[in-house]
Amino acid sequence: MSEIKTVVMEPFGVGEFTSNKGVKVKNGANSEIFNDYSHNTASGNWSHAEGCYNVANGEGSHAEGYYNAANGEGSHAEGGNNTASGNQSHAEGY
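Next up, the structure:
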């Protein structure tokens, strides 16, 4: 009978992740930033920002592209120069 081995892998990826302890000041708990680590901000809990100069302020929000803001809870802004302000709102385009 073959021996079965269990290997525990450490999490990895391209983003900066914050634990539920909120270790990074500019990020909310369990949030992530990608690409532009100096200018993207994911201040909402469970939010993420990718691209450049994006902010994901709402809880569970997502901002991608460039110069976008996802401010509402569960909101999504993508493209360029867009703002999704209301809860569960979506803004895209340029």
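Counting from 138, one number per residue, gives the positions in the sequence shown under my numbering.
Every residue gets a Cβ at the ideal spot worked out from N, C-alpha and C, and that includes glycine.
Predicted model, so just to flag it, every value in this text is computed and none were measured.
C-alpha distance - residue i paired with residue j, whole-angstrom precision
i: residue 225; j: residue 195; result: 10 Å
i: residue 230; j: residue 216; result: 5 Å
i: residue 172; j: residue 223; result: 26 Å
i: residue 212; j: residue 169; result: 15 Å
i: residue 218; j: residue 227; result: 13 Å
i: residue 214; j: residue 182; result: 16 Å
i: residue 220; j: residue 207; result: 6 Å
i: residue 203; j: residue 190; result: 6 Å
i: residue 192; j: residue 177; result: 6 Å
i: residue 180; j: residue 210; result: 12 Å
i: residue 188; j: residue 205; result: 9 Å
Test item: CB-CB of residue i and residue j under 7 Å
i: residue 175; j: residue 184; result: no
Closer than 7 Å to chain D by CB, residue i
i: residue 181; result: Looking at the structure shown, chain D is missing, and only one protein chain is on hand.
Supposed close pair residue i, residue j - CB separation, criterion 8 Å
i: residue 186; j: residue 200; result: 5 Å
For this session: Starting from the N-terminal side, write out each stretch of the beta strand (DSSP E) that is 3 residues or longer and does not extend beyond the segment 167-220.
Result: 185-189, 199-203 and 213-217
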